[in-house]
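Residue numbers (my numbering), protein chains in the order written: chain V, 1 to 650; chain C, 651 to 1300.
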């Protein structure tokens, strides 16, 4: 993949003198955030509150105008940080109005750390010798039949494959048999044969297609992640491993409920299962047709599709009854899926295309997680690793090359904005990033779309709670200190609350706040996850401090500030450098399966030896959960870095 | 199978005193034929010519009345042999009018020998340890899932199969996955699983179906023979090997031409292949629906169908382009057929039913022949065996357990009545059996349906030519002796001819004759076959006298008089006791494949090691053919028994 490297510019902040390099076009407020300089900005970076004034001392800064800045001030270099963009090296001064008081103008705020991104690299597959695509095209120049040799057409192809490629024991489909006579003779017995390679060496290769002439270079596959909310797909060049196009859309089932349970309930109604099946295949078909159109790749040039989804999504996609997934003892119809002709369940592909679904482990640890494990290479690492995908359910896998255990914990919807007064999904106007002036307690709200804040999404909630706690505005149990006198803190209907944005600074008709009930709900969610991790680790006789690596997957993982995640006790206290983000692990795993038969073979073994725990049935889980209902935890010794961080503030 | 044994009665013929046991209800003429007593009967046994008078001396003989017999004569015991039936032990006298002259009343005619019938015997399969049906139903009582064990539904079945039946490595279809949740719970996890056993021990069993409760006893399959003319099917109880119902019909393609070449030509027209495909599947569907109706067996209780047909029929059935089968160098699309979902090519079966077609060896040695070879056990015999199926093409297989060679020879349509002035298919009114009073040359024509003769079918032609030759009415080259003065012999438009039935004794408006051109055509046909056999035997370095056994297959084989077949030089001169008739070998082989996985496994090896000869490319064939254009052969030493038989008549 060619990732264009953007131009960067040096931005120096005075009076602290802190200097960073930042991408062309970013705003000065984003630059300050990255530099760890707090600038008051209640309005989410929308240019409304006028609190984020700075002065340009050298260099050119376009934009940043406002009704609140006179022409004379503008000419003197005054800008609104949130609406000015960086177009060259520049030095700016943060004035007293924006910085202020205790600790002076050089007050540092925590620099935000995201997890290091794991990038898929085809060379790595090649180096490991596992770039063995399950679908291969080979070219054959066959001798035409003669008076003395009149082998059948199919036999001639088999003979050619044996002599030229060492293939033995082939099988062939009826539809290929129906066309080979003509195909062989259209270009004087020069043909391209598409072979499905067996996953096990003793099995037979399967002739998926035969074409006249040489088409070896055109060999494509699809990888799909079927999420409860969204569906993503990639069109892949099987010969090079390159992703030629990708795209996504909301899962067409979404109007029937946001979570898997409501989808299952709908699938239990008459015709409901058919409808759910149809909706998701329609979504997939829309995406794959778009990908083909973009790349000008023909439907008959795609022979393979790998799909990863959670257990419910996999069931609904194939039309398997999901009823018992939501009823104790939570039994899916199947965890392994046979290879299936893609047209058999409604995919808009050629009849020769074969679909493979990632296997699940249980009703709540699905193929999306297994795909992430395989895609991240966790099953082959020597390090004791925690793989975690955080959503309504957090799926946890712990282990290494030697062994793997897994569990799902119901975190509740807090990370997706549920149960939080002003909670929302990560959409336009959601506060996704945050900092606080430690003296004035004036917030910097950064919203998605740099618009007036309308609510708080998961990553915003996390950093807000962490910041309030680090600044000792809330205590270990998530309660507000009553001794702070500040207009931002007040008593509301749900206990004390912090005003993130006043009505006039918000995109709604009320103040946007976070209250003690919100924080309690957040703590419950993070406690469930941490308790799940700790229980699992201890069930296998280890300690949580033995963890050597964390792999974050899923949309949430890409946005969170990992220091904050540790501060609140969501993630174990581990060196941030050892936390890796794999992005959409499900999609990555699906793609790997399109490129490596070894993945297809190993996944069966990985799933077989993965021990699944039902946390509600593990006695210690309840205690672990209760002990986790604190920031970061009842046992602060588990979070040495947090202890240090908080005491440094005192 | 319960074959009811008919009551038999003793019939004694005077004056010769010859006595035979014959089945109740047969005619006196049939009794005479079996006893080797000639009775004049030009009218085919229809009661018209009145020549077959006999006198009952003791016992009761119902029927046998005629306008030509007065009441006084009837009361005195005079009967027409052809219309009187045998209802008890009886002694009859053949009067001078019917017997007569040279050799007196005790004149013997050759007793007709049919080949010994090979009967399919399930016990034999069991004894050999090859009664291993490819489809097996097993009953499982599974533990329901619990709080502590919540394996998936599919996993539970796999576990049960592993623990209770030692099954490992199973695969399953999407349609079974779609129903197992409900099926498992409908009868508290008691289920019947239908397994397709792999042909090779290393492969996986396949779960074809899952039913609630115990249905192990209901396991059915179908065997079909797809002939160019007719289609036959059997519905089989897979558990017992019993045939529960069978039936046949004309191949619906027949209106598009009687032979494979005309079908291929039609298949080459636009939509022609689809039409041919549709016609034959319609025929199969009609038959299988009738079989199911008769036996009250449900469509979903049939999981397997084996089909045997010649190469062209197999191609047309699957919709494979047969074009190059009729063009040198005669290349079929394929000789091996993968197992195919029966609904994929239009069979009116449940979606879970899998069809297996017998493999072919070449364009003209097809699955019908291979089925016959497998069904007769030829591939496992130590004896050097000739397997032969005679029709327009005669397919020949020679060999034993050690090696097998095969060829097809184009015999032409003589055996099916083609190219013979009064030739016809084996239908109502066809002369199928024949003898001659050696003194008067008065014929006994026995027709299909005991009706006035309208023509001569293949078996009749064979015995007529043999009888004319044995009685030295025609010579070794098939020409009539000119020195015989008899009203039955005359010169016609196509050389000399023998009048089998005069106009008034026939069902047509002319005399029915056989002439020298007819005989020449017959000799060409038999010569092609014999030359084919001799060429093949000699190609592998053996002599025709080394043959130890002959297996006859196909409709023609059941009707022919094997002595006559040797007399004319159609079959090699071998002890008649070593000639076995297997009936519809194709259908028998199909049935075996439904009952024995060993057959399915072995057939692949049999076809692989069978060497196919193209006779037209073997130099010696032409010479062998020319040498065979005599009765029985230029080299009479190859036919010692014929030499003896003919000289005995002199």
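Yeah, the Cβ is synthetic: ideal placement off N, Cα and C, and Gly gets one too. Keep in mind that this is a model prediction, so the values were computed, not measured.
Proximity of residue i and residue j at Cβ, strictly below 8 angstroms
| i | j | result |
| --- | --- | --- |
| residue 333 of chain V | residue 825 of chain C | no |
| residue 401 of chain V | residue 379 of chain V | yes |
| residue 639 of chain V | residue 573 of chain V | yes |
| residue 207 of chain V | residue 229 of chain V | no |
| residue 44 of chain V | residue 527 of chain V | no |
| residue 1240 of chain C | residue 957 of chain C | yes |
| residue 684 of chain C | residue 742 of chain C | no |
| residue 535 of chain V | residue 615 of chain V | yes |
| residue 211 of chain V | residue 183 of chain V | yes |
| residue 823 of chain C | residue 338 of chain V | yes |
| residue 453 of chain V | residue 445 of chain V | yes |
| residue 1175 of chain C | residue 1061 of chain C | yes |
| residue 302 of chain V | residue 221 of chain V | yes |
| residue 1034 of chain C | residue 1196 of chain C | yes |
| residue 189 of chain V | residue 142 of chain V | yes |
| residue 768 of chain C | residue 1229 of chain C | no |
| residue 937 of chain C | residue 877 of chain C | no |
| residue 291 of chain V | residue 235 of chain V | yes |
Those residues which DSSP pairs with residue i across a bridge
| i | result |
| --- | --- |
| residue 489 of chain V | V:498 |
| residue 389 of chain V | V:395 and V:553 |
| residue 1165 of chain C | C:1147 |
| residue 1073 of chain C | C:1106 |
| residue 840 of chain C | C:791 |
| residue 995 of chain C | According to DSSP, residue 995 of chain C bridges with nothing at all. |
| residue 713 of chain C | C:734 |
| residue 882 of chain C | C:875 and C:898 |
| residue 434 of chain V | V:445 |
| residue 814 of chain C | The partner list for residue 814 of chain C (beta bridge, DSSP) is empty, contrary to what the question assumes. |
| residue 409 of chain V | V:394 |
Collapsed DSSP secondary structure at residue i in the structure displayed
| i | result |
| --- | --- |
| residue 473 of chain V | coil |
| residue 326 of chain V | coil |
| residue 1282 of chain C | coil |
| residue 205 of chain V | strand |
| residue 18 of chain V | strand |
| residue 53 of chain V | strand |
| residue 443 of chain V | strand |
| residue 1218 of chain C | coil |
| residue 940 of chain C | helix |
| residue 479 of chain V | coil |
| residue 1295 of chain C | helix |
| residue 1182 of chain C | helix |
| residue 754 of chain C | Note that residue 754 of chain C scores 41 on pLDDT, short of 50, meaning its location in the model is unreliable and no value can be drawn from it. |
| residue 125 of chain V | helix |
| residue 504 of chain V | helix |
| residue 368 of chain V | helix |
Nearest-angstrom Cβ-Cβ length linking residue i and residue j, presumed shorter than 8 angstroms
| i | j | result |
| --- | --- | --- |
| residue 859 of chain C | residue 910 of chain C | Residue 859 of chain C to residue 910 of chain C, Cβ: 36 angstroms. No contact. |
| residue 582 of chain V | residue 370 of chain V | The Cβ separation is near 13 angstroms, so there is no contact. |
Got a sec: which bits of the stretch 967-979 of chain C sit with their beta carbon under 8 angstroms from any beta carbon on chain V, in order along the chain?
968, 969, 970, 971, 973, 974, 978 and 979
Interfacial residues, the stretch 707-741 of chain C to chain V, with Cβ spacing under 8 angstroms:
none
In chain order, what residues of the stretch 23-50 of chain V put their CB closer than 9 angstroms to some CB of chain C?
Interface annotation for the stretch 23-50 of chain V against chain C: empty, criterion Cβ-Cβ distance under 9 angstroms.
Could you please tell me which residues of the stretch 339-359 of chain V, in chain order, have their CB closer than 8 angstroms to any CB of chain C?
For the stretch 339-359 of chain V, the set of residues with a beta-carbon nearer than 8 angstroms to any beta-carbon of chain C comprises 340, 344 and 345, in chain order.
Could you name the residues of the stretch 516-548 of chain V whose beta carbon sits closer than 7 angstroms to any beta carbon of chain C, in the order they occur along the chain?
none
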